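To convert, note that position 367 of the first sequence is 369 in our numbering; the numbers rise steadily by one, no gaps.
Glycine included, C-beta positions come from ideal geometry on N, C-alpha and C.
Keep in mind the model is a prediction, meaning the values are calculated, not measured.
Worksheet: one structure, shown below.
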Amino acid sequence: MADKNKLVEAITSMDQDFTQWYTDVVLKAELIDYSAVKGCMILRPYGYAIWENIQHNLDRLFKETGHENVAMPMFIPESLLQKEKDHVEGFAPEVAWVTQGGNETLTERLCVRPTSETLFCDHYAHIVHSWRDLPKLYNQWVSVVRWEKTTRPFLRSTEFYWQEGHTVHATAEEAKEETERMLNVYADFYRDYLAIPVVKGQKTDKEKFAGAVSTYTVEAMMHDGKALQSATSHYFGDGFARAFGIQYADRNNQLQYVHQTSWGFSTRSIGAIIMVHGDDNGLVLPPRIAPLQVAIIPIAAHKPGVLEKASAIRDQLAKTFRVKLDQSDKMPGWKFAEYEMKGVPLRLEIGPRDLEHNQCVAVRRDTGEKTVLPLDQLEQSLQTLLDQIHDHLYERALQSRDSRTYQALSWPELVGLVAGKPGFVEAMWCGDPACEQKIKDETGASSRCLPFDQTPLTDTCVCCGKPADKRVVWGKAY
RNA sequence: CGAGGUGUAGCGCAGUUGGCUAGCGCGCCUGCUUUGGGAGCAGGAUGUCGGGGGUUCAAGUCCCUUCACCUCGACCA
């Protein structure tokens, strides 16, 4: 066991086989188990705890921006799903249907929600009558079902957990502001809680949400250079309002259609955490959402005073941190490796030598760095360390992304970059969907977004050579 | 959904041209000794050989079928 880089022999090395590494990590860290239902995953306590921490913090941010939680049914009558043409065309191929209730065949089949725009719209049509009723800023935390052909834990499963916000506004301007506000909430959350840098931008028409006027996205780069669409915020204009008849009387008693948004953030974000921060020893969790922030490992626990001191420290720290004292009879080395695999940000070692000096040893998961900490003011020391870990994870991810973000000024350059170097490639685009499709077909890279920074690189399309004013981030995506 | 691959104990695997009571390592349980990077000794338990059907005197092994997972494509949070 002298090889420090191979402590967890059960995990495949990232560079050897990234997808196998990913599967090993989600299983060995006990985030999920596979279930009896094809494509569905069981979120185990440790994995669900990550989601709970994400939920708590995001939910608070939603409420701070004026949103209320509701719960919609999980079934959508077919007639309701059919009301908005683009929407149904987009989702129909991946919808699960209920055709029977008990022993009775249903007169109208029910779709298991793949997303809930139609239910919210139907409800809004009932409750919105006057300008005084607006805006309505609703959100729900639920699971949805999409009959995916290829599934992977967290990244794409048949059923997945998410939140979906659905809002109605009096004016297009208000709805656009909401769309942008929530995109920023997502981007800030990725930075401040998950330590993941994202590119904010707009989706092309080809990539936008079915039924949306415009879709905004935050795109993150994984360790293997591939892109992950990490959350989206959609502006609907009044398209759904017209399809569902959501109207209100304005101040002049004129009937107006509402303007709408929706925005979603899913358990896919956990896949991003794994693939951005993880290493060959397993998970590396950002401290602010880690189910365990500090794992205390007693050394020579049978020696007088060790367990007592460790317990006292545990009780003291539990007031401030998510902390666990591992009193099992495993060897210390085994515990070190175990909590590393599970991505616990800090490990505290407390042994006989520490007792003598009123200290403990803190070890960072992200760097492996050991620090001897006096037990006085331990909370402050640990808080500082956790913040440093967060900042370091973010900086490391940012540098990793920026160092693999390239610019292509010509077609050969684009083809060469996408083929040779995993990562993002920025290039100019004329706006013709044919060029977008050709790039996808011939390089495998899809348009991730039109980043908000639209500073031109050149003035011609990287594909067709015609005048172009759109700067696009291209990349292979999950 | 197309191409390829893998399913044998909790995990990783072996199992010969079909042949007797299906093995190994790790893990697990008990006891003692250990404890600052995955401990040692002794004893012990654990299998619908992924499921279903077939061929055969005989199937983990051959055939059909089905399910799951992995890889690469096409489609999507």
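- Secondary structure of tyrosine 195 (DSSP, three-state): coil.
- At a cut-off of 4 residues, the continuous stretches assigned as alpha helix (DSSP H) that sit fully inside the stretch 395 to 436 are 413 to 422.
- Serine 330 carries a coil assignment under DSSP once its states are collapsed to helix, strand and coil.
- For arginine 290, there is no enclosing beta strand (DSSP E), as DSSP gives it neither H nor E.
- In this structure, the CA atom of proline 354 is about 9 Å from the CA atom of proline 300.
- By alpha-carbon distance to valine 278, the top candidate from Ala222, His131, Gln256, Val308 is Ala222.
- A straight line joining the alpha-carbon of lysine 205 with that of glutamate 428 spans about 14 Å.
- The DSSP-derived three-state label of glutamine 439 is helix.
- In the three-state scheme derived from DSSP, where H, G and I count as helix and E and B as strand, glycine 335 is classed as helix.
- With contacts defined as CB atoms closer than 8 Å, valine 286 and aspartate 368 qualify as a contacting pair.
- Between the stretch 71 to 83 and the stretch 181 to 192 there are fewer than three inter-stretch CB-CB distances shorter than 8 Å, so the stretches are not counted as touching.
- Collapsing the DSSP output to three states places lysine 65 in a helix.
- Taking a 10 Å sphere around the C-beta of valine 100, we find fewer than 16 other C-beta atoms and assign the residue as exposed.
- The C-alpha of glutamate 91 is placed about 36 Å away from the C-alpha of arginine 406.
- The alpha carbon of phenylalanine 211 has as its nearest neighbour, out of Lys311, Val374, Glu86, Asn283, the alpha carbon of Glu86.
- Between the stretch 268 to 284 and the stretch 301 to 314, the count of C-beta pairs closer than 8 Å stays below three; the two stretches do not touch.
- The secondary-structure analysis by DSSP pairs threonine 373 across a beta bridge with Ala364.
- Inclusion of glycine 477 and glycine 425 in the CB contact set at 8 Å is warranted, their separation being smaller than that value.
- When DSSP assignments are scanned along the stretch 139 to 181, the uninterrupted stretches of beta strand (DSSP E) that are 3 or more residues long and fall wholly within it turn out to be 161 to 171.
- The DSSP-derived three-state label of phenylalanine 77 is strand.
- At least 8 Å separates the beta-carbon of glycine 247 from that of histidine 261.
- Tyrosine 237 is positioned such that its CB atom lies closer than 8 Å to that of lysine 178.
- DSSP places valine 220 within a strand segment (E or B) once states are collapsed to three.
- Going by DSSP, tyrosine 24 is part of the alpha helix (DSSP H) stretching over 20 to 30.
- Excluding residues up to 5 positions away in sequence, Phe162, Tyr163, Trp164 lie with their Cβ nearer than 7 Å to the Cβ of serine 268 in the same chain.
- DSSP places phenylalanine 454 outside both helix and strand once states are collapsed to three, so it counts as coil.
- Distance between phenylalanine 20 and glycine 167, taken at the CA atoms: about 33 Å.
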